[in-house]
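Visitor:
There are 2 protein chains.
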Amino acid sequence: MSQKLEQLSKNQQIVLNLIEKAKGPLKAYSILYNVQKKGIKAPLQVYRALEKLIKIGKIHKIESKNAFIACNNSECEISNATAFSICDNCEHVKEIKNAKLSKYLSNFHDNSGMKFKKYNLEFFGLCKNCKLKQ
Amino acid sequence: MSQKLEQLSKNQQIVLNLIEKAKGPLKAYSILYNVQKKGIKAPLQVYRALEKLIKIGKIHKIESKNAFIACNNSECEISNATAFSICDNCEHVKEIKNAKLSKYLSNFHDNSGMKFKKYNLEFFGLCKNCKLKQ
DNA sequence: TTATAAAATGTTATATTATAACAAACGTTA
DNA sequence: TAACGTTTGTTATAATATAACATTTTATAA
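Sequence lines, in order, name chains A and B.
For the first sequence, position 45 matches number 44 in numbering that gives the first Met the number 0, and the numbering has no gaps at all.
For the second sequence, position 83 matches number 82 in numbering that gives the first Met the number 0, and the numbering has no gaps at all.
#1: How many angstroms separate the CA atom of L52 of chain B from the CA atom of E19 of chain B?
#2: Nearest to S101 of chain B by alpha carbon, out of B:H91, B:Y46, B:K116, B:T81?
#3: For V14 of chain B versus L43 of chain B, is the C-beta distance shorter than 8 angstroms?
#4: According to the Cβ coordinates, are K117 of chain A and N79 of chain A closer than 8 angstroms?
#5: For E121 of chain A versus N119 of chain B, is the C-beta distance shorter than 8 angstroms?
#6: Considering C129 of chain B, what are the terminal residues of the alpha helix (DSSP H) in which it resides?
#7: Within 10 angstroms of its Cβ, does Q35 of chain A collect 16 or more other Cβ (buried), or is it exposed?
#8: Excluding the five sequence neighbours on either side, which residues of its own chain have a C-beta within less than 6 angstroms of the C-beta of N72 of chain A, listed in chain order?
#9: Have a look at the DSSP bridge pairing and note the partners of L25 of chain B.
#10: Just list the residues that DSSP pairs N119 of chain A with in beta bridges.
#11: Going along chain A in order, which residues have a C-beta closer than 8 angstroms to the C-beta of I55 of chain B?
#12: Compare the beta carbon distance of I58 of chain B and F83 of chain B with 8 angstroms and say whether it is the shorter of the two.
#13: Nearest to P24 of chain B by CA position, among B:C89, B:K99, B:G112, is which residue?
#14: Any beta-carbon of chain B closer than 8 angstroms to the one on I95 of chain A?
#15: How about Y46 of chain B and A69 of chain B: are their beta carbons less than 8 angstroms apart?
#16: What residues in its chain sit with their C-beta under 6 angstroms from that of C126 of chain B, if we drop five residues either side in the sequence?
#17: Does K40 of chain A pass the burial test, meaning 16 or more other C-beta atoms within 10 Å, or should it be called exposed?
#18: Alpha carbons only, please: which of A:G38, A:A21, A:G56 is nearest the one belonging to K9 of chain A?
#19: Going by DSSP, name the residue or residues bridged to K60 of chain B.
#20: Report the partner residues of H108 of chain A according to the DSSP bridge assignment.
#21: Could you confirm whether any beta carbon from chain B is found closer than 8 angstroms to the beta carbon of L43 of chain A?
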């Protein structure tokens, strides 16, 4: 039964495979072009797969880039606590795994006492490589 | 001279006025419809104003909603450290002012030692009102 | 004050991102 | 097998954002 829950449909698997073997985040229409040989023909097919993959935590959306990246963080299986570093120069994106950070943010509550079920954090700067080249 | 720097152009002022008097974030095309009586006719005129207003920190973009909100935080004048709470139910958005949080995030560096010039954090949950109604 | 550079404007067209609506097939479970 | 939820396929369209180019306004400084 638990195996069923992890069973991906055909389109979902195709899209996930592509995203997982990519070096960085992929955009929806770039995904579409790359899976057309596999029989996926329309944007909706891609978006529906993405929606499901996000929901189950296999991928994340990088909101500032409208792009999708595979989850590499075993701690965020339910996809409710995500943090990324994004290079302003080369656009390299990396998911941040940091227990302190995620603990800090998961426990954060604002002045009104509102607590949160989910957060997404995007950091911007220059990655090591790009900093050296400056 | 410093006054010149803060001087907004006509279109920028029109767009900013609208966003500032709004109760929540506005979408670009909703802004467009609402400023057409003021003579702004095309999306680009809106997007250009938005771009400038973001750059100088007068407004922020809520990335997960593709919407724009006035800055209410004197501490983020350069718009490089933003945090928001977003209600999943009523979509109410509020900028979070919290010195500890911003200090924590501004000083954060990842495992590789990469430091960041900018971050954007979006929290999701139920606001007080919506929590009560459940 | 004039030239010149930088910023802003106006405009048309188009690119990019995402969803609506509907019909059909599939997989699971009662 | 009947019923349900999920996934698929498909066409059309909505929503978001930028390219390219010509012109005008504003700031700077020679």
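Cβ atoms here follow ideal geometry from the backbone N, Cα and C, with glycine treated the same way.
All of these numbers come straight from a predicted model, not from anything done at the bench.
Guide: Walking through what the data contain:
#1: Here residue 52 of chain B corresponds to residue number 53 of the second sequence, with the count starting at 1. Here residue 19 of chain B corresponds to residue number 20 of the second sequence, with the count starting at 1. If I take the Cα positions, the gap works out to 12 angstroms.
#2: Locating residue 101 of chain B in the second sequence gives position 102, where the first residue counts as 1. Selected option, being the one with the closest Cα: B:T81.
#3: As a first step, residue 14 of chain B is located in the second sequence; it is residue number 15 there, counting from the start. As a first step, residue 43 of chain B is located in the second sequence; it is residue number 44 there, counting from the start. Result no, Cβ atoms of V14 of chain B and L43 of chain B do not sit closer than 8 angstroms.
#4: By one-based count along the first sequence, residue 117 of chain A stands at place 118. By one-based count along the first sequence, residue 79 of chain A stands at place 80. For K117 of chain A and N79 of chain A, yes; Cβs fall inside 8 angstroms.
#5: Here residue 121 of chain A refers to the residue found at position 122 of the first sequence. Here residue 119 of chain B refers to the residue found at position 120 of the second sequence. Closer than 8 angstroms, so yes.
#6: Sequence index remark: in the second sequence, residue 129 of chain B carries index 130 (1-based). That run of the alpha helix (DSSP H) goes 127 to 132.
#7: One-based indexing of the first sequence puts residue 35 of chain A at position 36. Q35 of chain A comes out exposed.
#8: For this step, residue 72 of chain A is matched to residue 73 along the first sequence. Counting only Cβ-Cβ distances below 6 angstroms, and skipping sequence neighbours, we find E94, K96.
#9: Along the second sequence, read from residue 1 onward, the residue named residue 25 of chain B stands at position 26. Paired residue(s): B:F67.
#10: For the purposes of this step, residue 119 of chain A is identified with residue 120 of the first sequence, where counting begins at 1. DSSP, once it has assigned bridges, lists A:T81, B:E121 as partnering N119 of chain A.
#11: Numbered from its first residue, the second sequence carries residue 55 of chain B at position 56. For I55 of chain B, no chain A residue has a Cβ inside 8 angstroms of its Cβ, as the nearest lies near 17 angstroms away.
#12: Within the second sequence, numbered from 1, the residue matching residue 58 of chain B stands at position 59. Within the second sequence, numbered from 1, the residue matching residue 83 of chain B stands at position 84. In this structure, I58 of chain B sits away from F83 of chain B, with a CB-CB distance that is not shorter than 8 angstroms.
#13: For the purposes of this step, residue 24 of chain B is taken as the residue at position 25 of the second sequence. Of the candidates B:C89, B:K99, B:G112, B:C89 places its Cα closest to the Cα of P24 of chain B.
#14: Within the first sequence, the letter at position 96 stands for residue 95 of chain A. At least one chain B Cβ lies under 8 angstroms of I95 of chain A.
#15: Here residue 46 of chain B is taken as the residue at index 47 of the second sequence, counted from 1. Here residue 69 of chain B is taken as the residue at index 70 of the second sequence, counted from 1. Result no, Cβ atoms of Y46 of chain B and A69 of chain B do not sit closer than 8 angstroms.
#16: Counting from one through the second sequence, the residue named residue 126 of chain B turns up at place 127. Here the set comprises C86, H91.
#17: Mapped onto the first sequence, residue 40 of chain A falls at position 41. Exposed is the call here.
#18: One-based indexing of the first sequence puts residue 9 of chain A at position 10. Answer by Cα proximity: A:G38.
#19: Along the second sequence, read from residue 1 onward, the residue named residue 60 of chain B stands at position 61. DSSP lists B:F67 as partners of K60 of chain B.
#20: As a working note, residue 108 of chain A is residue 109 in the first sequence. DSSP lists A:K114 as the beta-bridge partner residues of H108 of chain A.
#21: One-based indexing of the first sequence puts residue 43 of chain A at position 44. When Cβ-Cβ separations below 8 angstroms define contact, L43 of chain A makes no contact with chain B.
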